[in-house]
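Everything in the sequence shown is counted per my numbering, starting at 1404 for the first residue and increasing by one. Data block below; observations after.
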Amino acid sequence: MHTLSEMRSRAGLMVSTLTCNFVLKELIEWEKEHMVESVYRELKRKGLIPNVYTYEILIKGRFSMGRLEKAWNVFAQMREAGVKPNAFIIGTYIRELCLMRRTDLAFQTGKIQDAEDVLLNDMKIREVVPDEDCYGALILEYLKKWETAKAFDLCDEMKSRVGIKADYVLMRCMIQYLCGVGSLDEALSFFKEFMQKSSKVFIDGVTFDFAIDAACKLGRMEDAMELVEEWMKGRKMKLWEMHYRTLIDGYCLRGEPWNALYMFQEMMRNGYRPDSTTYHVLARGFQGCGVSLPLCMLFKHTC
1404 MHTLSEMRSR AGLMVSTLTC NFVLKELIEW EKEHMVESVY RELKRKGLIP NVYTYEILIK
1464 GRFSMGRLEK AWNVFAQMRE AGVKPNAFII GTYIRELCLM RRTDLAFQTG KIQDAEDVLL
1524 NDMKIREVVP DEDCYGALIL EYLKKWETAK AFDLCDEMKS RVGIKADYVL MRCMIQYLCG
1584 VGSLDEALSF FKEFMQKSSK VFIDGVTFDF AIDAACKLGR MEDAMELVEE WMKGRKMKLW
1644 EMHYRTLIDG YCLRGEPWNA LYMFQEMMRN GYRPDSTTYH VLARGFQGCG VSLPLCMLFK
1704 HTC
């Protein structure tokens, strides 16, 4: 705050909203949530014009301190400032509600219901169209609690909204849930069946990574590579860096370091610059098999 004040008083510089957002976000990152409110008030007094991201940071800060009512009051502050809530910030509110964990199951269920009320009622009142992430946060929570009927009800609700990919959201949540509880075989089977029956339905790269990671952890690299072939040839999609890393790790886990090395080289041929994590995965795989990693692979600039 002192530095920001100095910029304003000595240099005559107006501190941008982007800078203020950065300061508020860093306070939360450093677990200084108790300072966010006072800094926010001081910044407003000095001319801060908040935007949607400013209010998102406030919501997260208030949830971190357990101040649910104050988190909801952010929307009133937005109205006063003339900032219209969008699906992004309301989705943040929903996800934060769902992330609250209490040992009292009734309390936990109540919070999910609060989140659903926000999605189905308050967003309609505010004329905000919820996106797939808003629905996905709730569907995933219901799946975790084995309340599949409510999850499918939300999917039906999605289908009535223009532009919401209900099948894709449900599939993504199911894969994420099954992988999260260790049901890797079920997750892989579900994904493969979905790809076969729904060739035209969009699948994002993160969901695809969940699926190939499940195959890799099961030691079924043939299945993983079949999915890769369908992804690249059937759906005309490119592999991401994270996909290559998953496949490298999979081959290492199965004791096939040379296949892992081939995948590493394929990754580089396709324009990706491996980071330290990828090198570590590869080196660990070679070491685990009692094989020395080729010396040149230890030096990024000589590969």
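The C-beta atom is built at its ideal place from N, Cα and C for all residues, glycine as well.
For residue i, which of helix, strand or coil comes out of DSSP?
i: G1653; result: helix
i: F1605; result: coil
i: L1664; result: helix
i: Y1458; result: helix
i: N1424; result: helix
i: V1694; result: coil
i: D1678; result: coil
i: N1476; result: helix
i: M1628; result: helix
i: V1439; result: helix
i: V1684; result: helix
i: M1671; result: helix
i: S1419; result: coil
i: L1451; result: coil
i: W1634; result: helix
i: K1620; result: helix
i: L1642; result: coil
i: E1432; result: helix
i: G1485; result: coil
Is it right to say residue i is buried, meaning 16 or more other beta carbons lie within 10 angstroms of its own, or is it exposed?
i: K1708; result: Any answer about residue 1708 is impossible in this case: the structure gives the chain only from 1404 up to 1706.
i: A1479; result: exposed
i: L1421; result: exposed
i: G1608; result: exposed
i: W1433; result: exposed
i: T1680; result: exposed
i: V1649; result: The sequence shown places Thr at residue 1649, rather than the Val named in the question. By the neighbour-count rule (16 or more Cβ atoms within 10 Å), T1649 is buried.
i: T1551; result: exposed
i: E1544; result: buried
i: V1584; result: exposed
i: F1510; result: The predicted model places F1510 with a pLDDT of 36, which falls under 50 and marks its position as unreliable; any figure quoted below should be read in that light. Exposed is the call here.
Are the region 1546–1555 and the region 1587–1601 touching by the rule of at least three beta carbon pairs closer than 8 Å? no
Taking one C-beta from the region 1627–1635 and one from the region 1667–1677 each time, how about it: are there three or more such pairs within less than 8 Å? no
Report the start-end ranges of each alpha helix (DSSP H) in the region 1540–1602 that is 4 residues or longer and not cut off at the edges. 1551–1562, 1569–1583 and 1587–1600
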